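**Student:** Here you go, one structure.
2 protein chains.
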Amino acid sequence: MQVTLVDRRNFHLFQPLLYQVATGVLSPANIAAPLRWIVERQANCEVLLGEVQSIDVTGRRVLVDGAALTYDTLIVAAGAHYSYFGHPEWEQLAPGLKTIENATEIRRRLLIAFELAERETDIVRRRMLLTFVIVGGGPTGVEMAGALAEIARHSLKHEFRHIDPADAQIVLVEAGERVLSSYPSDLSEKAQRSLERLGVTVRTRTMVADVAADHVVVNWGGGSERLPTQTVVWAAGVEASPLAKSLAAATGATIDRAGRLIVERDLSLPNHPEIFVLGDMANYSHQTGQPLPGVAPVAIQQGRFVAKLITNRLRGRSIPTFHYRELGNMATIGRSAAVADFGKLRFSGFVAWMLWLVVHLMNLVSFRNRLLVFIQWGWNYVTYDRSARLITGPPDAGAPTGSPSIELASPRSTEPPADNVT
Amino acid sequence: MQVTLVDRRNFHLFQPLLYQVATGVLSPANIAAPLRWIVERQANCEVLLGEVQSIDVTGRRVLVDGAALTYDTLIVAAGAHYSYFGHPEWEQLAPGLKTIENATEIRRRLLIAFELAERETDIVRRRMLLTFVIVGGGPTGVEMAGALAEIARHSLKHEFRHIDPADAQIVLVEAGERVLSSYPSDLSEKAQRSLERLGVTVRTRTMVADVAADHVVVNWGGGSERLPTQTVVWAAGVEASPLAKSLAAATGATIDRAGRLIVERDLSLPNHPEIFVLGDMANYSHQTGQPLPGVAPVAIQQGRFVAKLITNRLRGRSIPTFHYRELGNMATIGRSAAVADFGKLRFSGFVAWMLWLVVHLMNLVSFRNRLLVFIQWGWNYVTYDRSARLITGPPDAGAPTGSPSIELASPRSTEPPADNVT
Chain A
1 MQVTLVDRRN
11 FHLFQPLLYQ
21 VATGVLSPAN
31 IAAPLRWIVE
41 RQANCEVLLG
51 EVQSIDVTGR
61 RVLVDGAALT
71 YDTLIVAAGA
81 HYSYFGHPEW
91 EQLAPGLKTI
101 ENATEIRRRL
111 LIAFELAERE
121 TDIVRRRMLL
131 TFVIVGGGPT
141 GVEMAGALAE
151 IARHSLKHEF
161 RHIDPADAQI
171 VLVEAGERVL
181 SSYPSDLSEK
191 AQRSLERLGV
201 TVRTRTMVAD
211 VAADHVVVNW
221 GGGSERLPTQ
231 TVVWAAGVEA
241 SPLAKSLAAA
251 TGATIDRAGR
261 LIVERDLSLP
271 NHPEIFVLGD
281 MANYSHQTGQ
291 PLPGVAPVAI
301 QQGRFVAKLI
311 TNRLRGRSIP
321 TFHYRELGNM
331 ATIGRSAAVA
341 DFGKLRFSGF
351 VAWMLWLVVH
361 LMNLVSFRNR
371 LLVFIQWGWN
381 YVTYDRSARL
391 ITGPPDAGAP
401 TGSPSIELAS
411 PRSTEPPADN
421 VT
Chain B
423 MQVTLVDRRN
433 FHLFQPLLYQ
443 VATGVLSPAN
453 IAAPLRWIVE
463 RQANCEVLLG
473 EVQSIDVTGR
483 RVLVDGAALT
493 YDTLIVAAGA
503 HYSYFGHPEW
513 EQLAPGLKTI
523 ENATEIRRRL
533 LIAFELAERE
543 TDIVRRRMLL
553 TFVIVGGGPT
563 GVEMAGALAE
573 IARHSLKHEF
583 RHIDPADAQI
593 VLVEAGERVL
603 SSYPSDLSEK
613 AQRSLERLGV
623 TVRTRTMVAD
633 VAADHVVVNW
643 GGGSERLPTQ
653 TVVWAAGVEA
663 SPLAKSLAAA
673 TGATIDRAGR
683 LIVERDLSLP
693 NHPEIFVLGD
703 MANYSHQTGQ
713 PLPGVAPVAI
723 QQGRFVAKLI
733 TNRLRGRSIP
743 TFHYRELGNM
753 ATIGRSAAVA
763 DFGKLRFSGF
773 VAWMLWLVVH
783 LMNLVSFRNR
793 LLVFIQWGWN
803 YVTYDRSARL
813 ITGPPDAGAP
823 TGSPSIELAS
833 PRSTEPPADN
843 VT
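Protein sequences appear in the order of chains A and B.
Each residue of the first sequence is one higher than the one before, starting from 1 at the first, in my numbering.
Each residue of the second sequence is one higher than the one before, starting from 423 at the first, in my numbering.
Quick look at the structure:
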C-alpha cells in the first residue's frame with residue numbers, strides 16, 4: 001500500500017494553540033511539525049507539497065499543481081475556515097485564527113495598537129486604539145479574550161510610559177445566548193464570570209452588523225451600537241473548505257448549511273465507498289442526530305478509524321460504523337481559570353486548567369515541541385512574560401525593513417557649526 | 423536624565439544567530455527580545471517605535487514619524503545593511519541576512535527548493551534547484567554554508583522519496599584570497615577544510631558578476647562561469663545605514679568607502695561632542711590604524727563606554743578615549759567544528775565549538791531565550807532535527823493560505839456514478 005499525503009503547507013499545525021501565537025506566548029514552530037519529519041520513517045508514505053486543483057471522481061485522479069495522481073482510495077480532510085456572513089471584505093479588517101500567518105498578523109496588530117496608543121495625544125483616538133473586539137464566543141474567542149486581557153493587565157503593565165495598558169477595553173461579541181454554547185450552561189456561566197473578572201466585556205445576544213477600519217457596528221435587542229476600534233479578531237462563522245462543494249457536485253452528495261459534506265456511517269460519501277471525508281469538512285450525524293463538533297479529537301478519531309477500515313478492507317474484513325468517544329470539552333480563560341466537562345465529571349478553576357495544559361501538551365506531535373511549550377508555559381506562568389511578542393511582517397505592513405529616507409533640516413554650509421562644548 | 427530609545431522594530435535582534443533561523447534550527451523569538459521588556463524596570467527610559475525621518479543638528483531635534491524629539495545628547499547606532507555593489511536589483515533575488523524577515527524568507531526559499539526538486543522530472547532543472555550559492559566568505563557566509571550542508575546531508579536525509587537531499591551542491595563564493603579573511607590564516611584554512619569535508623564547494627578569488635532568477639554568473643582568474651541556481655544568499659558588501667551620509671552632510675564629518683562615519687577618540691562626531699555614533703555605522707581607527715570590525719562585541723563595548731562617558735560628563739568628569747578589548751573571533755562550521763582565535767590562544771574543532779556555543783548563549787539578552795536556545799541546540803545535536811523549518815509567508819510568496827479554486831473534471835449528471843464496491 002502506497003500513501004501520498006498532499007498539503008498546501010509543509011507542516012501540521014496544532015490549531016487549538018494558535019491563539020497563543022497570536023498573543024505572543026509561543027512561536028509558530030512550537031505548534032507546528034514538518035510533515036516530512038512526521039512520516040520520515042514510514043517507508044510507504046510520501047509527502048507532496050501542492051494545491052489540489054481538481055478531483056476527477058470517475059477517473060479516480062487528483063490534479064495537484066498540474067500533476068495527476070491516481071488513487072484507489074481518496075481521503076479528504078481539508079478542514080474549514082472562517083466565513084464572514086456574506087461579507088468577505090471584512091476578512092482584511094478582522095482576521096480569523098486559522099493559519100500561522102493569521103496568528104502572526106493578529107499579534108502584529110495587537111502590539112501595534114499599544115505602540116500607537118503610547119504616542120497618541122488625542123484622547124478619543126487613544127480610546128479607539130485601546131479597544132479590542134473579538135467576534136465569536138466559542139472556545140477560540142473565549143481563550144483569545146482571556147489571553148488578551150492578561151497581556152493588557154499583566155504582561156505589558158510596566159512597559160509603557162504614556163498609557164496604562166490595563167486601560168485596554170476588551171469586548172467579546174457573541175450572537176447566541178451564552179458563550180461556549182456547546183458546553184453545559186453552568187460551565188458557560190463560569191467561563192463568562194472568569195472573563196469578566198479579567199475585565200473582559202461579554203456581549204451576548206449581540207451580532208456584528210458592520211466592520212470598518214476604525215469601528216464595528218453591533219446590533220442587539222435594544223438597538224445598534226458603534227464601537228470605535230481598529231483591532232478586531234474574527235472567531236465566528238465556520239465554513240467547510242470549498243473542496244466540499246466540488247465533491248458534492250461531482251458525486252451527488254449533499255452539503256449542509258455550513259458547507260459540510262453529509263457522510264455515511266463509515267465516513268465515506270454515498271455511492272462512493274472509495275472516497276472518505278473527515279474532520280471539519282464532514283457532517284456526521286448518525287451518532288446523536290446532530291453533527292459532531294469541529295474539534296480536534298473528532299478529527300483524530302475519524303482518521304484512526306478510516307486507517308483501520310482501509311487496512312481491514314485489504315484483508316477482506318469490514319468495520320461498518322464510526323463511533324466517536326467523547327472525552328470532554330475544555331476551555332481556558334487566562335491563567336488558573338478554565339472549564340472542563342467530561343460528562344459525569346466537571347471541573348473549573350485550577351484543576352481544569354491543569355487538565356487543559358496536560359491534554360494540549362500531550363496532543364502536540366513532537367516531544368521537542370512538548371518540552372519547549374512546557375518551558376514557555378512555565379516561564380509565562382511565573383513571570384507573565386510573553387516574550388514571543390515580535391512585530392514582524394512585510395515592509396508595507398508597518399514593520400519597515402528598508403532604509404529610512406532622510407532629509408536634513410540644517411543646510412550644509414562651509415562654515416563649521418556652532419561649537420557646543422558641555 | 424531621561425532616555426528615549428527609538429527603533430523601527432519593537433525588539434532587539436541577536437544577529438549572529440540569524441543564520442540559524444534561516445536554516446530552521448531556531449525560531450525568530452528565540453533570538454529577539456522585546457525592547458520594552460528589556461528596559462521595563464528602568465524608570466528613566468522609554469521606548470518609541472518609529473522611523474527617524476530627519477535630524478536637525480542645529481536645533482538638536484530628531485523627527486520621528488512626524489513628532490519632534492529634542493535632545494541634549496544624541497546617540498546613533500543604526501547599523502549596516504548588505505550592499506550589492508551597485509546592483510540593488512539583485513536584492514530581490516539574493517536576500518541578505520540582516521532582519522528576521524530576511525531569515526524566514528531565506529528559510530522559505532531553501533525548503534521550497536527541495537520541495538520543487540522532489541517533484542521535478544527534468545534532470546537539468548532538478549540540478550538547478552538543488553544548487554545553492556552563498557556569496558561572501560566572512561563569518562556569516564561560512565556559518566550559513568556549514569548549516570546548509572548539514573541540513574542537506576543529515577536533517578533532510580530520509581524525508582524525500584524522489585531525491586536525495588545529500589545531492590545538493592552548496593557553493594560559497596568569496597572575492598578575496600581566503601574565507602574568514604579577518605582571522606589568522608591558519609584558522610581560515612581549517613575553516614575551509616571543515617567546509618569541504620561537509621561537501622561545500624569553496625570558490626575563493628571569485629566574484630559575482632550577475633544574479634538572475636535561475637543562475638548566477640561568477641568571474642575568476644581563469645574566466646567566467648554560469649552557475650544554475652535559484653537560491654542565492656547574500657552575505658557580502660556591508661554598507662552603513664544612510665543615516666551616516668545625512669549626518670555627514672549636516673555636521674561636516676567624513677565617511678569612508680563603506681559609508682561609515684569617521685568618529686573621534688570618544689566616538690563623537692568632529693565638532694559635535696553631543697552626537698555619538700556607534701557600531702557598524704562608525705569607523706574607529708584610532709586604536710590600530712584600521713577601522714574596528716563590524717561585530718557585536720565592538721558595538722557592545724562602545725555602548726557601555728558612551729553610557730559611562732555621558733554619566734561622567736554630568737558629574738563634571740571626562741573619559742577621553744575609547745579602547746576596544748578584543749576578546750577573540752569565532753566561527754562555527756556545521757556541528758562540532760569551529761575555529762576560535764583569542765590572540766595567544768587558538769582553538770579549532772570541538773573545543774572551539776563548545777566555546778562558541780557558550781559565548782553566543784550568554785550573549786542572548788534574556789534567560790528564557792538562553793534556556794530555549796540551549797534546549798533546541800541540544801535537541802538538534804542529538805537528533806539532527808531542525809524542527810523550526812516551516813514554510814511561511816504571504817500567499818503570493820508560494821505558501822498559499824487562500825482557499826483553493828476547484829474545477830471538477832467530471833461533469834455533473836443526473837445518473838448516479840458507476841458503482842464501485844470493493
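All residues carry an ideal CB built from backbone N, CA and C; glycine is no exception.
Owing to the predicted nature of the structure, the values given are computational and were not obtained by experimental measurement.
1) For my contact list, S181/A and P293/A are in at a C-beta cut-off of 8 Å; report their separation, rounded to the angstrom.
2) Got a sec? Which residues, its chain only, sit under 7 Å from A455/B by beta carbon, not counting five neighbours each side?
3) What are the residues in the region 339-365 of chain A lying within 7 Å of chain B by C-beta distance?
4) Tell me which residue opens and which closes the alpha helix (DSSP H) that Y19/A is part of.
5) Going by DSSP in three states, Q53/A sits in which element: helix, strand or coil?
6) Would you call the region 61-72 of chain A and the region 200-209 of chain A touching, i.e. three or more CB-CB distances under 8 Å?
7) So, helix, strand or coil for G815/B, using DSSP?
8) How would you call H272/A, buried or exposed, if buried means at least 16 neighbouring beta carbons within 10 angstroms?
9) With a threshold of 8 Å between beta carbons, is T422/A in contact with chain B?
10) Along chain A, in chain order, which residues have C-beta atoms closer than 7 Å to that of E462/B?
11) Less than 8 Å between the beta carbons of A145/A and I106/A, yes or no?
12) Does the structure place the region 253-270 of chain A close enough to the region 235-245 of chain A that three or more beta carbon pairs sit under 8 Å?
13) Assuming V486/B and V474/B make a contact with CB atoms under 8 Å, what is their CB distance in whole Å?
14) When the Cα of A444/B is compared with those of T480/B, T562/B, V498/B and A502/B, which residue comes out closest?
15) By alpha-carbon positions, which one of D164/A, D341/A, R203/A and V263/A ends up nearest to Q287/A?
16) Where do the N-terminal and C-terminal ends of the beta strand (DSSP E) with L570/B fall, by residue?
17) From this set, G559/B, G643/B and S577/B, which residue's C-alpha is nearest S610/B's C-alpha?
18) Let me check one thing: in DSSP terms, what residues is V704/B bridge-paired to?
19) Does Q169/A come out as helix, strand or coil in the three-state DSSP assignment?
20) Grab me the residues of N312/A's own chain with a C-beta within less than 8 Å of its C-beta, minus the 5 sequence neighbours each way, in chain order.
21) Grouping DSSP H, G and I as helix and E and B as strand, with all else coil, what is F789/B?
22) Please name the residue or residues paired with E513/B in a DSSP beta bridge.
23) Could you confirm whether any beta carbon from chain A is found closer than 8 Å to the beta carbon of E468/B?
24) Helix, strand or coil: which one does DSSP assign to T229/A?
25) Per DSSP, which residues does H849/B bridge with? Please list them.
26) Quick check on F11/A - is its C-beta less than 8 Å from some C-beta in chain B?
27) Would you check if the distance between the CB atom of R8/A and the CB atom of I391/A is smaller than 8 Å?
28) Here's the rule I'm using: 16 or more other beta-carbon atoms within 10 Å means buried, otherwise exposed. How should S646/B be labelled?
29) Note down, in chain order, each residue of its chain lying with its Cβ closer than 7 Å to the Cβ of A672/B, except the 5 sequence neighbours on either side.
30) Give a yes or no on whether the minimum CB-CB distance between S83/A and chain B is below 8 Å.
31) My assumption, with CB atoms under 8 Å, is that T131/A sits in contact with P228/A. Please give the rounded CB distance.
32) Would a check of beta-carbon distances place I684/B closer than 8 Å to chain A?
33) For W377/A, decide whether its Cβ has a neighbour in chain B, counting only Cβ atoms nearer than 8 Å.
34) Tell me which same chain residues have a C-beta within less than 7 Å of the C-beta of A571/B, skipping the five on either side of it?
35) Return the bridge partner residues of D763/B from the DSSP annotation.
36) On the premise that W353/A lies in contact with T383/A, defined as a C-beta separation below 8 Å, what is that separation, rounded to the nearest angstrom?
**Tutor:** Quick answer:
1) Their Cβ separation, rounded to whole angstroms, is 11 Å, which puts S181/A and P293/A out of contact at 8 Å.
2) Only F433, H434, V787, S788 and N791 meet the Cβ criterion.
3) none
4) L18 to A22
5) strand
6) no
7) coil
8) Flag for H272/A reads buried.
9) Note on T422/A: pLDDT 24, under 50, position unreliable in the model; no value is reported.
10) H158 and E159
11) no
12) yes
13) 6 Å
14) T562/B
15) V263/A
16) Element bounds for L570/B: not the beta strand (DSSP E) but the alpha helix (DSSP H), P561 to E572.
17) Per the Cα distances, G559/B.
18) Residue identity differs from the one stated: residue 704/B is Ala in this sequence, not Val. Note: A704/B sits in a beta bridge opposite L683/B.
19) Secondary structure at Q169/A: strand, using DSSP grouped into helix, strand and coil.
20) S318 and I319
21) helix
22) Paired residues: none, contrary to the question.
23) Taking Cβ atoms only, chain A reaches closer than 8 Å to E468/B, which makes this a yes.
24) Coil, per DSSP.
25) Outside the displayed span of chain B (423 to 844) sits residue 849/B, for which this structure offers no information.
26) yes
27) no
28) exposed
29) I477 and V479
30) Output row for S83/A: interface = no.
31) That pair is a contact at about 6 Å.
32) no
33) no
34) I592, L620, G621, V622 and G756
35) N751/B and R768/B
36) Between W353/A and T383/A the Cβ distance is about 17 Å, and since that is not below 8 Å, they are no contact.
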